[in-house]
Each structure stands twice: as structure tokens, then as C-alpha cells.
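There are 2 protein chains.
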Amino acid sequence: MVKRTSFEHDACPIARSLNAIGDWWSMLIIREAWFGVSRFGEFQKKLGLAKNILTVRLRALVDEGILTTAPASDGSAYLDYLLTPKGRGVFPILVALRQWSEEFDARPEEIATILVDKQTGRPVRKLELHSEDGRLLTPADTALRPRPAAKRVTA
Amino acid sequence: MVKRTSFEHDACPIARSLNAIGDWWSMLIIREAWFGVSRFGEFQKKLGLAKNILTVRLRALVDEGILTTAPASDGSAYLDYLLTPKGRGVFPILVALRQWSEEFDARPEEIATILVDKQTGRPVRKLELHSEDGRLLTPADTALRPRPAAKRVTA
DNA sequence: GCATCTGGTTTTAATATGCAACTACACAAG
DNA sequence: CTTGTGTAGTTGCATATTAAAACCAGATGC
């Protein structure tokens with residue numbers, strides 16, 4: 057490849073996200089972490105990926121501040137990989153991916169799980185985008201604008 | 057790689073989504089298509105990716121039903137690549153990725169654009185997840201459950 | 001103290017990526 | 001009709017990244 061294109065300095069926030077979590081495994085690692093998986097071996101077993109890849113991915117996720125390593129937790133002096141707030145912030149992306157599959161997948165019957173409201177056990181609604189004043193927005197109701205110049209902290 | 061792992065038959069909807077649009081370029085192609093880009097050369101110029109890669113990606117996206125080719129549109133008898141409903145359905149994922157960057161990126165000042173409500177020009181709210189009966193849900197309010205057996209169409 | 005488990009690293013092979021050069025076709029000008 | 005230019009790709013090759021499998025070291029278990 058000569059060099060995998062990096063979007064680290066791209067001005068598009070989507071590209072920047074992808075740069076951090078847009079590869080095949082990172083998102084799935086975050087998904088597993090979401091489910092409470094925290095140990096190297098557990099990730100490896102559940103995802104079935106090669107250990108060297110897992111090593112690299114975990115390190116990258118830690119570098120990006122999406123995971124942290126905690127010295128221990130269950131006694132055995134090994135590492136726990138835990139989601140940071142930034143990592144937990146990926147949740148809407150996971151939900152969006154999930155809902156896209158649910159809506160458009162060619163074989164939805166192969167999908168094993170559904171996301172439900174814990175309180176009622178009923179499936180959740182689709183993600184909604186609202187305006188500042190609370191109106192439900194469709195994609196067509198939105199537009200992109202240049203970011204306003206950074207507002208200086210009043211000093 | 058011996059073989060790039062495929063999640064086509066994975067039961068997890070997140071993995072299935074990633075299988076379709078989880079690679080470096082596909083999401084960005086969809087983003088550009090969202091902005092109205094439809095021609096091969098335009099994609100190539102805006103994204104700066106190699107033409108062979110673009111060819112492969114576009115074909116894959118067409119195969120997956122995310123894009124369609126329309127015979128023409130502006131006169132010149134070339135192809136237009138247009139989003140299908142499935143492709144437009146990616147919008148929430150794009151928004152989620154964007155908002156994640158906006159919230160957690162280490163250098164948010166480098167982000168060039170913001171998503172606004174067309175009507176007021178004000179930034180949109182964060183994506184919201186609601187229960188069936190309208191309560192706003194936090195990640196902790198949700199759980200995964202096995203998909204109920206497919207409901208047969210009453211026949 | 002010896003085997004085994006966990007958490008990796010190293011080696012090697014396969015695949016994907018990217019660049020550049022080349023082809024095919026449409027359309028326009030001369 | 002011949003040449004020229006722009007679009008839309010394809011092909012070939014060098015290199016990077018990914019993956020599998022073997023290997024290894026320290027901790028644990030017995």
C-alpha cells in the first residue's frame with residue numbers, strides 16, 4: 057500500500073472518527089468491551105482474531121483514549137481493558153450500525169439479538185435527531201455549515 | 057492476511073453492518089454521495105483515493121444495494137452513482153460518527169463543519185435513543201435480548 | 001519444581017492498497 | 001476523418017498491512 061492513508065488531520069469529523077475506530081476490529085472490540093469483556097483472552101476467544109492483531113488493536117485503542125488498562129480487578133495480576141468515557145461515547149455509533157442492519161439487511165432473520173428497553177423489555181425506537189428547539193429532524197432538514205471560529209473563553 | 061475475515065454470516069448486526077460499510081473508504085464514499093457527489097471522477101478528486109480502489113469500492117457498494125448506477129443525468133453518457141434508500145439509511149451512522157468526533161476528539165478546533173438545522177441554522181442536538189413509550193434512554197437503560205422467533209406473515 | 005494458563009512477540013505467508021502507466025470510449029475541434 | 005482532450009476505468013508492480021501459527025516468558029496451580 058505504500059502507506060495507509062491517514063485521516064488524522066482531515067477536517068471532516070467523520071473521517072476523524074473512522075481514523076480512530078473505523079477498522080474492522082476496533083468497533084467489535086468496543087462492542088465486546090461494552091458487554092463487559094475486559095480480558096485479553098476473552099476478547100480473543102469471543103472475536104476469534106489472531107492474538108497479534110488483538111495486541112495491536114488494544115494498544116491503539118488505549119493510545120486513542122478509548123480503552124484504559126487497569127492493573128487488575130479479579131485478583132490475578134493481569135491487565136483489564138476497560139472503556140473510558142470516550143469509549144462509552146461510541147454507544148450511539150454501535151446503535152446506529154445495529155439499527156441499519158435491522159432495517160436494511162438482506163437476511164434480518166439471521167440477526168440474533170435486539171436492543172430493548174431494560175424497564176419494559178420492549179425494543180427501542182430508532183435513533184432520533186432533534187433540533188435545538190426539539191423538532192424531530194429528517195436528513196433533509198439538516199445542512200452542513202463551516203464551523204464558527206472558536207469562541208474564546210471570556211478572559 | 058491469508059483471508060480477510062468476513063462477518064457476512066455473523067449473527068451480530070453490528071458485525072454485519074461493518075461487513076458492508078466498515079472499511080476505510082466506503083463510509084467516506086457514502087458521505088460524499090450524501091453531499092451530492094455522483095460521478096466517478098468527482099469521488100476520486102474529492103477523496104484522493106486511487107482509481108482502482110474506487111472502482112472496487114463503488115462496485116461493492118452497488119452490489120450491496122447501497123448505491124445504484126443511473127445511465128446518465130447531466131447529458132454526458134457516463135454513469136451516475138446514486139444512493140439507494142439503503143444508502144440513505146446510513147445517515148444516522150454518519151451523524152453518530154460526526155458527533156462522536158465533536159464530543160471526544162482531541163483537537164475539535166480542526167473540525168471544519170457542523171451539522172445544523174436548516175430551518176434555524178442552529179446546531180442539532182445529539183442523537184437520542186427513546187423507548188417505545190417515549191422515555192429518553194441512556195445506554196444503561198438498554199439491554200440486548202435474543203431475537204424473538206420470526207413472526208410468520210399471517211397466511 | 002513442573003506443567004499449564006495467560007498474555008503476548010516473532011516469523012512467515014497472503015492479501016490489500018496505492019501509484020503510475022495504459023486502454024477504451026465519447027465528444028469536440030480542425 | 002483525423003486529431004485532441006476529458007472521463008472512466010483496467011493492469012502491473014512495489015510495498016504495507018493483516019492474519020495464522022509457532023514460539024516465549026512470567027504467573028499460577030499442583
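Going down the list, the protein sequences come from chains A and B.
Take any residue in the first sequence, count from 1 to its spot, add 56: that is its number in this note's numbering.
Take any residue in the second sequence, count from 1 to its spot, add 56: that is its number in this note's numbering.
Where a beta carbon is used, it is the ideal one built from N, C-alpha and C, also for glycine.
For Y137 of chain A and T125 of chain A, the gap between their C-alpha atoms comes out near 5 Å. By the beta-carbon neighbour count (other beta carbons within 10 angstroms, threshold 16), L153 of chain B is buried. Scanning B:R72, B:R163 and B:R144 for the CA closest to the CA of P69 of chain A turns up B:R163.
The beta-carbon separation of F91 of chain B and L135 of chain B, rounded to 18 Å, does not stay under the 8 Å limit for a contact. Neighbours of E159 of chain B across chain A, judged by C-beta separation under 7 Å: G145. Here the C-alpha atom of S187 of chain B lies approximately 14 Å from the C-alpha atom of P148 of chain A. Taking a C-beta distance under 9 Å as the contact criterion, I167 of chain B and A67 of chain A qualify as a contact pair. In the DSSP assignment, P148 of chain B falls within the unbroken alpha helix (DSSP H) covering F147 to F160. Look at S73 of chain B: its C-beta is under 9 Å from a C-beta on chain A. Taking 9 Å as the cut-off, the Cβ atoms of A196 of chain A and K102 of chain B do not count as close.
For T125 of chain A, the enclosing beta strand (DSSP E) starts and ends at L123 to A126. Looking at the DSSP output, P202 of chain A sits in a beta bridge with B:T169. In this structure, DSSP gives E64 of chain B a state outside helix and strand, which the three-state scheme calls coil.
By the criterion of a C-beta distance shorter than 7 Å, R178 of chain A is surrounded in its chain by V172, once the five residues flanking it on both sides are discounted.
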